[in-house]
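As you go down the protein sequences, you meet chains L and X in turn.
For the first sequence, counting from 1, position 253 maps to 253 in full-length UniProt numbering; every step adds exactly one.
For the second sequence, counting from 1, position 340 maps to 340 in full-length UniProt numbering; every step adds exactly one.
There are 2 protein chains.
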Amino acid sequence: MDDIIVKSSSHSYAITIGENVRFLVDNYVTKKYSSILVVSDKTVADLYANDIMNSLKGENTFLSIVPVGEQSKDIRLFYQLHTEAINHGLDRQSLIIALGGGVIGDLAGFVASTYMRGIDYIQLPTTILAHDSSVGGKVAINHELGKNLIGSFYPPKAVIYDTQTLQTLSEKEVRSGYAELIKEALIADGAFLNSLLETDLFSLSTKELEEHLRTGIKIKATIVEEDEKEAGNRKYLNLGHTLGHALETELGYGTITHGEAVAIGLLFSIHVSELMYATKLPYNPLLKWFKKNHYPLDLRNIDEKSLLNIMKSDKKIMNKMIQMVLLKDTGQPTIQELDDEDLHSYLKSFITKLSSE
Amino acid sequence: MDDIIVKSSSHSYAITIGENVRFLVDNYVTKKYSSILVVSDKTVADLYANDIMNSLKGENTFLSIVPVGEQSKDIRLFYQLHTEAINHGLDRQSLIIALGGGVIGDLAGFVASTYMRGIDYIQLPTTILAHDSSVGGKVAINHELGKNLIGSFYPPKAVIYDTQTLQTLSEKEVRSGYAELIKEALIADGAFLNSLLETDLFSLSTKELEEHLRTGIKIKATIVEEDEKEAGNRKYLNLGHTLGHALETELGYGTITHGEAVAIGLLFSIHVSELMYATKLPYNPLLKWFKKNHYPLDLRNIDEKSLLNIMKSDKKIMNKMIQMVLLKDTGQPTIQELDDEDLHSYLKSFITKLSSE
């Protein structure tokens, strides 16, 4: 099928989606690079690094492997990858390839954006979740005081998405990725939402998955083309993320996946939207679908105060008011500033509601 | 006098040069920022931080002070400034002001370029040398394996240059700054070069200095407007820096200033150019002027082999050949690739020549 083309302020890049495209990576590296550094994590490298290295088959091709998990998005590994790039002799005409999920894409992309003031990089996402982060050029590492606080807007030169690599994902990871697809549908496409809500994640066909990824990526691409630097509409993509990020931080990365936290965040956004705009949104169908697909939704033991504090330190805060993405309707996102008191009261009623269902 | 306007790919910004403009900083901060972090070093902060803070007089204005010297351009201070920015509550609508020389501009600019994926920053250079680094948006920190290896292209929102702050510079710092002015003259403007060679650095008037800065900055601005990301002509600005950087690394930062090292590098570039293009360049007038103004030029105890190795690890290396900026004539720079052997032989003959003069 056709590639999806994304126009960024500096260049256009293609997103290629297909089965087994990882064996053809060399075909998508159209420019002549002096050397290539593939960055991956242990799990993904064991499965796919050989396929990529064999496809590239150049003499100046190197592999850097970082530990699995969110804790790799930190300043020490960022610096270490710079060290490895220097030691391998990467210069300004070199390429970095990020082979893995969102953590690898964010980390390797941020290294590429700062290595000798920026070299090219290509995303090879290997999770469903990374359909979201691999497109649009947001790259970052975490600061100990908050997620994604150190980073750049730095679009990749290409995204190569091998759907076969998604076959090895755990159920948790499938759920995690689908939460971001649900988010994109809520923001932009009611028909897509209905189609997702008819999907059973435990019997997903490759064809269905590819179609969902393609639709989700198109929604994302349209938004980032309009607002690359997140001055306006791109903020809509943070739907569900105010509470989502806070839950990840509060519970600890690894306890709950990013998408699972976002799923709860989406329900919270809908809850607030319904109350604030006195409107009817698909809270119940979504809750039902999350439950059917075993999303963890239990917030009974959560520390509300602590969640609130984390939300207040989130970087989307403007002039000390919390900005939340809400929905006036499916496909009609909006930004709303909330003060602490309102946010607290919405969070209280949401936890009560969710716990009673 | 009129501001100099620089067009970058993302925005245009003004360079204001004048006596006492630091007291008017607030007038040049035209946008409403939610908070402002002024970054400076101990020496500069003691002299001028109060003037800036008083001009800004906002409630959300903070000051971060880092140690004096090149060693502050490192990953630890980079991270520490992020921590301070977070703790002060800086958000995406905040501003960083770099108050100091090139080290502060590079460090604070790089923090701004990566804080929450990039916030605005303004340069307030307080050295002559920083007329070069404050314009054009190259920001970076050093890696232990090389200078400026981690950074971004990230233009400031404004440059405010108070010539009064240059009155307190030491002779060494005046020499350092003038070497970059000589470089700009060699690249682009023979008449400017002649005027510089008539200047006595020990009896410099504010008027002369301001005129030199203005001419140097205009040369720099013209070049970076044509080639912001250093894909072509901007490389000419590295004239004298292949050997210059290597000398700084070999001798240790602090032993020789950046500009003093560049001065030797300029002589080396001219030496190579004269031999390679069988042309006559102003080697002797320049040498005479450097001597008259007490530039350190003694290379008799230098380790050639070590210098060569450092030059080979410089980031301007393309495909393992060293790229040097040379001159076909004053105002006619060119890029030449050199192999190790040629470079070694040129370096040998240069050191012999310089030591015999």
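From the three backbone atoms N, C-alpha and C, an ideal C-beta is built for every residue, glycine too.
Check: Any idea which residues DSSP pairs X/Gly151 with across the strands?
Finding: Mapped onto the second sequence, residue 151 of chain X falls at position 151. X/Gly151 pairs with X/Ala140.
Checklist line | Proximal chain X residues relative to L/Tyr79, where beta-carbon distance stays under 7 Å | finding: One-based indexing of the first sequence puts residue 79 of chain L at position 79. Within chain X, the residues near L/Tyr79 are Ile75.
Margin query: Could you compute how far the alpha carbon of L/Glu70 sits from the alpha carbon of X/Lys42?
Written below: Taking the first sequence and counting its residues from 1, one reaches residue 70 of chain L at position 70. Taking the second sequence and counting its residues from 1, one reaches residue 42 of chain X at position 42. Near 37 Å, if we compare the C-alpha coordinates of X/Lys42 and L/Glu70.
Notebook entry, point to check: DSSP three-state call for L/Lys316: helix, strand or coil?
Noted result: Sequence index remark: in the first sequence, residue 316 of chain L carries index 316 (1-based). Confidence is the limiting factor: at L/Lys316 the pLDDT is only 49, short of 50, which leaves the residue's position unreliable and the question unanswerable from this model.
Notebook entry, point to check: Does the ligand ZN have a heavy atom nearer than 7 Å to the CB of X/Leu307?
Noted result: Within the structure as shown, the ligand ZN is missing, as the structure has no ligands at all.
Checklist line | Proximal chain X residues relative to L/Ala140, where beta-carbon distance stays under 7 Å | finding: Here residue 140 of chain L corresponds to residue number 140 of the first sequence, with the count starting at 1. The answer, in chain order, is Arg117.
Check: Between which two residues does the beta strand (DSSP E) containing L/Gly105 stretch?
Finding: Locating residue 105 of chain L in the first sequence gives position 105, counting from the first residue. Element bounds for L/Gly105: not the beta strand (DSSP E) but the alpha helix (DSSP H), 102-114.
Next item on the list: Quick one: residues in its chain with C-beta nearer than 8 Å to the C-beta of residue 359 of chain L, no 5 flanking neighbours on either side, listed in chain order?
Entry: Because chain L here runs from 1 to 357, residue 359 of chain L falls outside it and cannot be looked at.
Note to self: Contact between the region 75-85 of chain X and the region 12-31 of chain X is defined here as three or more beta-carbon pairs at a separation below 8 Å; is this criterion met?
What the structure shows: no
Check: Closest to L/Phe192 by CA distance: which of L/Arg214, L/Ser64, L/Gly177 is it?
Finding: As a working note, residue 192 of chain L is residue 192 in the first sequence. Among L/Arg214, L/Ser64, L/Gly177, the Cα nearest to that of L/Phe192 belongs to L/Arg214.
Notebook entry, point to check: Which one of L/Leu299, L/Leu343, L/Leu281 has the shortest CA to CA distance from L/Glu357?
Noted result: Here residue 357 of chain L is taken as the residue at index 357 of the first sequence, counted from 1. Ranking L/Leu299, L/Leu343, L/Leu281 by Cα distance to L/Glu357 puts L/Leu299 first.
Next item on the list: Quick one: give me the first and last residue of the alpha helix (DSSP H) that X/Val224 is part of.
Entry: Start at 1 with the first residue of the second sequence, and residue 224 of chain X comes out as number 224. Note, X/Val224: alpha helix (DSSP H), 206-226.
Check: Between the beta-carbon of X/Pro333 and the beta-carbon of X/Leu239, is there less than 8 Å?
Finding: Counting from 1 along the second sequence, the entry for residue 333 of chain X is found at position 333. Counting from 1 along the second sequence, the entry for residue 239 of chain X is found at position 239. Result yes, Cβ atoms of X/Pro333 and X/Leu239 sit closer than 8 Å.
Notebook entry, point to check: Helix or strand or just coil, what does DSSP make of L/Ala191?
Noted result: Against the first sequence, residue 191 of chain L aligns to sequence position 191. L/Ala191 falls in the helix class under three-state DSSP.
Next item on the list: Quick one: list the residues of chain L neighbouring X/His143, beta-carbon separation under 9 Å, in chain order.
Entry: Your numbering for residue 143 of chain X matches position 143 in the second sequence. Correct list: Tyr79, His82, Thr83, Ile86.
Notebook entry, point to check: Should X/His245 go down as buried or exposed, given a rule of 16 or more other Cβ atoms within 10 Å for buried?
Noted result: Within the second sequence, residue 245 of chain X is the residue found at index 245, counting from 1. Buried, since its Cβ has 16 or more Cβ neighbours within 10 Å.
Note to self: Check whether the region 139-152 of chain L and the region 109-126 of chain X touch, using three or more Cβ-Cβ pairs below 8 Å as the test.
What the structure shows: yes
Checklist line | Exposure label - L/Val139; buried when at least 16 CB within 10 Å | finding: In the first sequence, residue 139 of chain L corresponds to position 139, counting from 1. Counting Cβ neighbours within 10 Å, L/Val139 comes out buried, since at least 16 surround it.
Check: Would X/Ile150 count as contacting chain L if we go by Cβ distances under 8 Å?
Finding: Position 150 of the second sequence, counted from the start, is the residue given in the question as residue 150 of chain X. Judged by the 8 Å Cβ criterion, X/Ile150 is in contact with chain L.
Next item on the list: Spell out a yes or no on whether the region 300-314 of chain X and the region 340-351 of chain X are touching, meaning 3 or more CB-CB pairs, one atom from each, closer than 8 Å.
Entry: yes
Item checked: Under the three-state DSSP convention, the category L/Gln71 falls into -> Looking up residue 71 of chain L in the first sequence gives position 71. DSSP places L/Gln71 in helix when its eight states are reduced to three.
Notebook entry, point to check: Would a C-beta distance cut-off of 8 Å place X/Ile264 and X/Leu243 closer than the cut-off?
Noted result: In the second sequence, residue 264 of chain X corresponds to position 264, counting from 1. In the second sequence, residue 243 of chain X corresponds to position 243, counting from 1. Contact: yes.
Check: My guess is that L/Met324 and L/Val272 are in contact by the Cβ rule of under 8 Å, so how many angstroms apart are they, rounded?
Finding: As a first step, residue 324 of chain L is located in the first sequence; it is residue number 324 there, counting from the start. As a first step, residue 272 of chain L is located in the first sequence; it is residue number 272 there, counting from the start. Yes, they are in contact, since the Cβ atoms of L/Met324 and L/Val272 sit about 7 Å apart, within 8 Å.
Margin query: Tell me which residue opens and which closes the alpha helix (DSSP H) that X/Phe290 is part of.
Written below: Within the second sequence, residue 290 of chain X is the residue found at index 290, counting from 1. From DSSP, the alpha helix (DSSP H) with X/Phe290 extends over 283-292.
Note to self: Give me the subset of the region 150-167 of chain L whose CB atoms are less than 7 Å from a CB atom of chain X, sorted by chain position.
What the structure shows: Ile150, Gly151, Ser152, Phe153
Next item on the list: Less than 8 Å between the CB atoms is what I'm expecting for L/Phe153 and L/Glu228, so what's the real figure, rounded?
Entry: In the first sequence, the residue the question calls residue 153 of chain L occupies position 153. In the first sequence, the residue the question calls residue 228 of chain L occupies position 228. Correct: roughly 6 Å between the Cβ atoms.
Next item on the list: Quick one: grab the DSSP three-state call for X/Lys57.
Entry: Along the second sequence, one-based indexing puts residue 57 of chain X at 57. Coil.
Next item on the list: Report yes if the C-beta distance between L/Gln123 and L/Gly101 is below 8 Å; otherwise report no.
Entry: As a working note, residue 123 of chain L is residue 123 in the first sequence. As a working note, residue 101 of chain L is residue 101 in the first sequence. No; because the gap between Cβ atoms is not below 8 Å, this pair is not in contact.
Notebook entry, point to check: What are the partner residues of X/Thr279, as DSSP defines its beta bridges?
Noted result: Your numbering for residue 279 of chain X matches position 279 in the second sequence. Beta-bridge pairing links X/Thr279 to no other residue.
Note to self: Alpha carbons only, please: which of X/Ile96, X/Leu286, X/Val224 is nearest the one belonging to X/Val29?
What the structure shows: Here residue 29 of chain X refers to the residue found at position 29 of the second sequence. Nearest option by C-alpha distance: X/Ile96.
Next item on the list: Classify L/Glu337 as helix, strand or coil using the three-state DSSP reduction.
Entry: Here residue 337 of chain L refers to the residue found at position 337 when the first sequence is read from its first residue. It is a strand residue.
Item checked: Among X/Met276, X/Tyr295, X/Leu287, nearest to X/Ser345 - alpha-carbon criterion -> Taking the first residue of the second sequence as position 1, residue 345 of chain X is located at position 345. Of the candidates X/Met276, X/Tyr295, X/Leu287, the one whose C-alpha sits nearest the C-alpha of X/Ser345 is X/Met276.
Margin query: Quick check: is the beta carbon of X/Gly146 nearer than 8 Å to any beta carbon in chain L?
Written below: Counting from one through the second sequence, the residue named residue 146 of chain X turns up at place 146. Taking Cβ atoms only, chain L reaches closer than 8 Å to X/Gly146, which makes this a yes.
Check: Under a CB-based cut-off of 8 Å, is L/Thr61 close to chain X?
Finding: Position 61 of the first sequence, counting from 1, holds the residue named residue 61 of chain L. False, the Cβ-Cβ gap to chain X never drops below 8 Å.
Next item on the list: Starting from the C-beta of L/Ile310, find all residues in its chain whose C-beta is less than 7 Å away, skip the five residues before and the five after it, and write them out in chain order.
Entry: Position 310 of the first sequence, counted from the first residue, corresponds to residue 310 of chain L. Result list for L/Ile310: Ala246, Thr249, Glu250, in chain order.
Notebook entry, point to check: Assuming L/Glu173 contacts L/Thr127 under a Cβ cut-off of 8 Å, what Cβ separation, rounded to an integer in Å, is found between them?
Noted result: Translated into positions along the first sequence, residue 173 of chain L becomes position 173. Translated into positions along the first sequence, residue 127 of chain L becomes position 127. Rounded, the Cβ-Cβ distance is 6 Å, consistent with contact.
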